[in-house]
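Presented below is the structure to which this report refers.
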Amino acid sequence: MNPSEWFTEQVPGAESAFSLKIKRKLHEEQSPFQFIEIYETETFGNLMVIDGCTMVSTRDNFFYHEMMSHPVLFTHPNPKNVWIIGGGDCGTLKEVLKHPGVEHVVQIDIDERVTRLAEIYFPELCESNDDPRAELKFIDGIKWVKDAAPGSVDIIIVDSTDPIGPAEGLFGAEFYRDCFNCLSDTGIVIQQSESALYHLKLMGEMRSAMQGAGFDHLQTVFFPQCIYPSGWWSATMASKADLGHFREMDAAKKGFETVYYNIDIHRAALAQPEFFKRAFA
Ligand code: SAM
């Protein structure tokens, strides 16, 4: 394998790697927060990499963006106000805005450069950015949540990078306490929670921190994501209220197109593997 023809992300600890054959590097820059690269690949379209970690590809981003959005939106009884912490590629924003009942979405990414590059290299993800319900802010999501008024939001989607650099605090107990305070009584936070195969310890710490913040109800959803370590990803919902009310009827007649998400996928994503149940019984 000629390294100049392949992008490879190595996973320390798991001692494994994922590679994509590249046609060329389209862009690279050091933003004030992180090192961002964009590649044109042979078979996955464009690929964004931040600090050496794959973020989003043209070909497979729909798994992640749909599963970060629709399960939580069809679990909350009546979501009107949504915040996306991170998510600068705007793919999650696009999915959230497909819900006609949503009145206001604020995307809070620390790094404006991620969004500006997504506009150039992933225009299909940014096509709803001008929706009048959407507001884009470029500030630290940790501070945004800390400063927010109590009970002011229905859903917080934490679409962040891995827990290193500027995203480290997004996985901490203090952040979850701040989320708890600014969520309404039926509010739900959902956070990308890495791979259950590779990152079970991190998932355990995240769950403890969420429970410590007062969230009595947790539910992890599982889905494929081939460009992320192990190819099998997850997101964890935490709520003050029972999470057992998937609005199946509304999801069945959702009235918008998805590539992956439907009610069967939603039900299947709720199934908890045996080793996961044992770990967090
Ligand atoms: N889907 C990706 C994944 O799981 O690897 C995440 C993609 S999204 C591009 C991640 C975003 O989180 C980046 O744009 C980064 O700037 C943003 N981010 C990291 N730390 C942040 C913070 N403290 N506040 C707001 N955004 C943050």
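What the sequence shown shows, in my numbering, is residues 2 to 282, in sequence order. Virtual Cβ for every residue (Gly too), placed ideally from N, Cα, C.
C-alpha of residue 264 to C-alpha of residue 248: approximately 9 Å in a straight line. In this structure, the alpha-carbon of residue 281 lies about 10 Å from that of residue 275. Boundaries of the beta strand (DSSP E) harbouring residue 19: 17-31, taken from the DSSP string.
Residue pairing from DSSP places residue 160 in a beta bridge opposite 87.
If the five residues before and after residue 6 are omitted, its C-beta is found closer than 7 Å to the C-beta atoms of 22 and 23, all from its own chain and listed in chain order. Note that the C-beta distance between residue 228 and residue 55 is below 8 Å.
Closest in C-alpha terms to residue 185, from the list 34, 80, 238 and 273, comes 80. Between the ligand SAM and the CB of residue 57, the shortest heavy atom gap is smaller than 7 Å.
A check of alpha carbon separations from residue 235 across 226, 243, 242 and 241 identifies 226 as the nearest. Annotated three-state conformation of residue 137 is strand, per DSSP. Assignment of residue 193 by DSSP, reduced to helix, strand and coil, places it in the strand class.
Membership of residue 260 in any alpha helix (DSSP H) is not indicated, and neither H nor E is assigned to it by DSSP. Excluding residues up to 5 positions away in sequence, 197 lie with their Cβ nearer than 6 Å to the Cβ of residue 277 in the same chain. Taking a cut-off of 8 Å on C-beta distances, the stretch 68-80 does not touch the stretch 129-136, as fewer than three cross pairs fall below it.
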